[in-house]
Amino acid sequence: MSSKELLGDVVVTLAKKARRSMSSKAKNPDQDQFTSHKDDNKSADLGLGSDKTSLSRPPSYASVTTKNEKLTPPQYINTQQPLEGPPSPHTEITESKILDLATSCFPPIPRDAELPPLPKPVLIPRVNPGVHIPFARAWVPELADHAVTPEDLVAFIDNLNVLIRPHVAGRAVLVAALAVGVIPYDGADGIAAALELAAILGMTIINYRRCKKYFGIMNEKYFHPRKLHAKIVNPKRIKKMFNLDKKDTLLTPITEETLELSNQERCIRYMSQWTCQLSFDDLSPPSEQTALLARMAAWEVKHKIAKAEKQAKKSRKRAWKRHMKGKKLKESWLESGRANSLDWLLIQNLDEWEAAQAEKEAKKAKKRGSK
Numbered sequence: 311m312s313s314k315e316l317l318g319d320v321v322v323t324l325a326k327k328a329r330r331s332m333s334s335k336a337k338n339p340d341q342d343q344f345t346s347h348k349d350d351n352k353s354a355d356l357g358l359g360s361d362k363t364s365l366s367r368p369p370s371y372a373s374v375t376t377k378n379e380k381l382t383p384p385q386y387i388n389t390q391q392p393l394e395g396p397p398s399p400h401t402e403i404t405e406s407k408i409l410d411l412a413t414s415c416f417p418p419i420p421r422d423a424e425l426p427p428l429p430k431p432v433l434i435p436r437v438n439p440g441v442h443i444p445f446a447r448a449w450v451p452e453l454a455d456h457a458v459t460p461e462d463l464v465a466f467i468d469n470l471n472v473l474i475r476p477h478v479a480g481r482a483v484l485v486a487a488l489a490v491g492v493i494p495y496d497g498a499d500g501i502a503a504a505l506e507l508a509a510i511l512g513m514t515i516i517n518y519r520r521c522k523k524y525f526g527i528m529n530e531k532y533f534h535p536r537k538l539h540a541k542i543v544n545p546k547r548i549k550k551m552f553n554l555d556k557k558d559t560l561l562t563p564i565t566e567e568t569l570e571l572s573n574q575e576r577c578i579r580y581m582s583q584w585t586c587q588l589s590f591d592d593l594s595p596p597s598e599q600t601a602l603l604a605r606m607a608a609w610e611v612k613h614k615i616a617k618a619e620k621q622a623k624k625s626r627k628r629a630w631k632r633h634m635k636g637k638k639l640k641e642s643w644l645e646s647g648r649a650n651s652l653d654w655l656l657i658q659n660l661d662e663w664e665a666a667q668a669e670k671e672a673k674k675a676k677k678r679g680s681k
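Counting in the working numbering, the sequence shown runs from 311 upward without gaps.
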């Protein structure tokens, strides 16, 4: 049997199993609901730091899924929900419709709004490094001067988190790659690696295109009229923006007070000297359609970073003990590596962004002229 025929059989088998699994779950909705609540309770024990910090604490995503409150505006759409029945204009979901639904619910700017410049830029981090990891749900009081409400900002972040989720087709290919990899057949490892690479590349491209279109629409319709601009920036861009050293860890120094903080909290505390302070208290919970996203985020936080946080705290305490004995205080490479891979959501003054764009274009023109 050729490798192509083998791969086809595997994909067909996986598709049949997936259909049987979905049909069985449809017959037992109560059992699935019980399981989801059980998972919520398991993931709710994840903490994100110590109570000693004076800054507002970023909550676990599991904490918001246990509430039954409803968020009226804005509307949400589950981009991974399978459609049933024949395709029609009312059920067919396209990329453009997803973006329209994600951006159509935000109100226009009031006519009498006064828009003073932001005193500092706004930086909101992801929960953990990774292109598909959600951003923290937060509020910044200074944005109220720009006719931005807490509900609008949280809705903007929630919709962004929906759009950056891994595409269901990419996940299916990853499952197929895993299945092919365990088959005792010559060449199966190569096929599995190729499938995995194709899935990762495909999901990354979809993620990039969705984010680019989403930010383009939101900046044009919502942020630019409020003299603001939003985008995602990496640590390299942040260091350049604030004239920081390339070797800067972007972490608040290790002290006895910061030993129990999470990596995310150390990053937020360090960046607070140049940015507006974030608030994580009294935020509206996600809507019912984004409850699954919140549970997935809590699961990813628990299983992807809990072990890393435990190791980071242990190494931090060991470094502090050595420091108390007179040795030089060193930052863990694991923790500094995570901090230097963490993306941030940046909201800045529109004129600052326009000035940076003009400077960038001038450099390009000068470079072309020198050639």
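Every residue gets a Cβ at the ideal spot worked out from N, C-alpha and C, and that includes glycine.
Alpha-carbon spacing of residue i relative to residue j, whole angstroms
| i | j | result |
| --- | --- | --- |
| THR363 | GLU664 | Model confidence at THR363 stands at a pLDDT of 40, short of 50, so the residue's coordinates are unreliable and nothing is read from them. |
| LYS676 | LEU656 | 28 Å |
| VAL472 | VAL437 | 14 Å |
| VAL543 | VAL492 | 38 Å |
| VAL496 | ALA672 | The identity of residue 496 in the sequence shown is Asp, whereas the question assumes Val. So the alpha carbons of these two residues sit roughly 56 Å apart. |
| LEU593 | ILE434 | 15 Å |
| VAL485 | ALA509 | 10 Å |
| PRO476 | LEU470 | 12 Å |
| LEU554 | ALA412 | 35 Å |
| GLU630 | LEU639 | According to the sequence shown, residue 630 is Trp rather than Glu. Taking the straight line from one Cα to the other gives about 7 Å. |
| PRO545 | PRO494 | 43 Å |
| ALA668 | ALA618 | 41 Å |
| LEU507 | ILE443 | 19 Å |
| ARG536 | LEU571 | 35 Å |
| ILE527 | TRP449 | 21 Å |
| PRO418 | GLN587 | 25 Å |
| TYR518 | ALA423 | 33 Å |
| GLN583 | PRO429 | 12 Å |
| LYS624 | ALA666 | 42 Å |
| ARG648 | ALA616 | 13 Å |
| ALA498 | LEU511 | 20 Å |
| LEU680 | LYS674 | What sits at residue 680 in the sequence shown is Ser, not Leu. So the alpha carbons of these two residues sit roughly 10 Å apart. |
| ILE578 | THR585 | 9 Å |
| ARG547 | SER646 | 16 Å |
| ASP558 | MET551 | 13 Å |
Three-state secondary structure (DSSP) of residue i
| i | result |
| --- | --- |
| ALA540 | strand |
| PRO392 | Here the model assigns PRO392 a pLDDT of 36, short of 50, so the residue's position is not dependable, and the following value carries that caveat. Reduced to three states, the DSSP call for PRO392 is coil. |
| TRP584 | coil |
| PRO429 | coil |
| ILE548 | helix |
| ASN594 | For the sequence presented, residue 594 should be read as Ser rather than Asn. Coil. |
| THR401 | Any answer about THR401 is weak, because its pLDDT of 44 lies below 50 and its placement is not dependable; what the coordinates show is given next. Three-state DSSP puts THR401 in coil, outside helix and strand. |
| SER406 | helix |
| SER589 | strand |
| ALA668 | helix |
| THR559 | coil |
| TYR495 | coil |
| ILE293 | Given that the chain is displayed from residue 311 to residue 681, the structure contains no residue 293 and the question cannot be resolved. |
| LYS415 | Looking at the sequence itself, residue 415 is Cys, so the reference to Lys does not match. In this structure, CYS415 counts as coil in the three-state DSSP scheme. |
| ALA489 | helix |
| LEU453 | helix |
| GLY636 | coil |
| LEU484 | helix |
| ALA618 | helix |
| ASN573 | helix |
Opening and closing residue of the beta strand (DSSP E) in which residue i lies
| i | result |
| --- | --- |
| LEU655 | 654 to 659 |
Opening and closing residue of the alpha helix (DSSP H) in which residue i lies
| i | result |
| --- | --- |
| CYS521 | 498 to 528 |
| GLY647 | 643 to 649 |
| ASP468 | 460 to 473 |
CB of residue i within 9 Å of CB of residue j, strictly
| i | j | result |
| --- | --- | --- |
| VAL441 | ILE474 | yes |
| LEU561 | TYR532 | no |
| LYS549 | LYS556 | yes |
| LYS522 | GLU405 | no |
| ALA454 | LEU425 | no |
| PRO427 | ASP591 | no |
| ILE564 | GLU641 | yes |
| ASN573 | ALA502 | no |
| ARG576 | LEU409 | no |
| ALA487 | ILE467 | no |
| ARG632 | THR568 | no |
| PRO451 | SER589 | yes |
| VAL483 | LEU463 | no |
| ASN650 | HIS539 | no |
| LEU644 | PRO439 | no |
| ALA489 | CYS415 | no |
Opposing strand residues paired with residue i [DSSP bridges]
| i | result |
| --- | --- |
| ARG436 | PHE445 |
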